[in-house]
Amino acid sequence: MTLQVRVITPDKIVWDDDAQEIILPSTTGQLGVLTNHAPLLTAIDIGVMQVRSGKEWKAIAVMGGFAEVENNEVKVLVNGAQMGDSIDSETARAEFEQAKQRLEKAKESGNRQQQIQASQVFKRTMARFQASGGMVQI
1187 MTLQVRVITP DKIVWDDDAQ EIILPSTTGQ LGVLTNHAPL LTAIDIGVMQ VRSGKEWKAI
1247 AVMGGFAEVE NNEVKVLVNG AQMGDSIDSE TARAEFEQAK QRLEKAKESG NRQQQIQASQ
1307 VFKRTMARFQ ASGGMVQI
């Protein structure tokens, strides 16, 4: 038996296929889902969702939202998502490094609004870089 997994953004369906297992970046930590999982509704953080289809793991960068698990169906409704294999890892690495520097400058400035904005950009670029296969050192 498998899970029917759908990853849906406001403008497209990023994933709609069967999977044996998924790992979600929930707001309370990593959440694994296998077949016959108990019904669940959880908030999704910005991060990397892992989907095991067959013997292969696929990474999907997700940008926050919600997931519902019920009757071996998983619906992941997020603000944005991108398959990791469609992300250029060098571009993602450069964007991550820029966001990291911006966050450091925002922390030094003491401006709380700039820190919050820089933190969100940092999390998004880190998720894209990790989904592309990059290793993050913080």
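First residue of the sequence shown: 1187, per the working numbering; consecutive thereafter.
Where is the CB? At the ideal position from N, CA and C, for every residue including glycine.
Keep in mind that this is a model prediction, so the values were computed, not measured.
Within 7 Å, strictly: CB atoms of residue i and residue j
| i | j | result |
| --- | --- | --- |
| ALA1292 | ALA1304 | yes |
| THR1195 | SER1212 | no |
| GLY1320 | SER1272 | no |
| ASN1257 | LEU1189 | no |
| PHE1308 | LEU1289 | yes |
Simplified DSSP state of residue i, which is helix, strand or coil
| i | result |
| --- | --- |
| ASP1271 | helix |
| THR1228 | strand |
| LYS1198 | coil |
| LYS1291 | helix |
Distance between beta carbons of residue j and residue i, contact taken as under 8 Å
| i | j | result |
| --- | --- | --- |
| VAL1264 | ILE1230 | 6 Å |
| MET1312 | PHE1282 | 6 Å |
| ALA1267 | SER1239 | With 8 Å as the limit, ALA1267 and SER1239 do not qualify as a contact, their Cβ atoms being about 16 Å apart. |
| VAL1193 | ILE1232 | Incorrect: roughly 14 Å between the Cβ atoms, too far for contact. |
| VAL1237 | VAL1248 | That belief does not hold up - the Cβ atoms of VAL1237 and VAL1248 are roughly 11 Å apart, past 8 Å. |
| MET1269 | LYS1244 | 7 Å |
| ALA1170 | LEU1210 | Nothing about residue 1170 can be read from this structure; the chain reaches only from 1187 to 1324. |
| VAL1191 | HIS1223 | Contact flag wrong, Cβ pair sits at about 12 Å. |
| GLY1215 | GLU1207 | Going by Cβ atoms, the distance from GLY1215 to GLU1207 rounds to 17 Å, so no, they are not a contact pair. |
DSSP bridge partner residues for residue i (one or two, in chain order)
| i | result |
| --- | --- |
| GLY1250 | The partner list for GLY1250 (beta bridge, DSSP) is empty, contrary to what the question assumes. |
| LEU1210 | LEU1217 |
| ASP1203 | VAL1191 |
| ARG1238 | GLU1207, TRP1243 |
| GLU1256 | GLU1259 |
| GLY1233 | VAL1248 |
Chain B within 7 Å of residue i, Cβ atoms only
| i | result |
| --- | --- |
| ASP1202 | Absent from the structure is chain B; it holds one protein chain and no more. |
Restricting to runs no shorter than 4 residues, where is the alpha helix (DSSP H) found entirely within the region 1295–1322? 1298–1317
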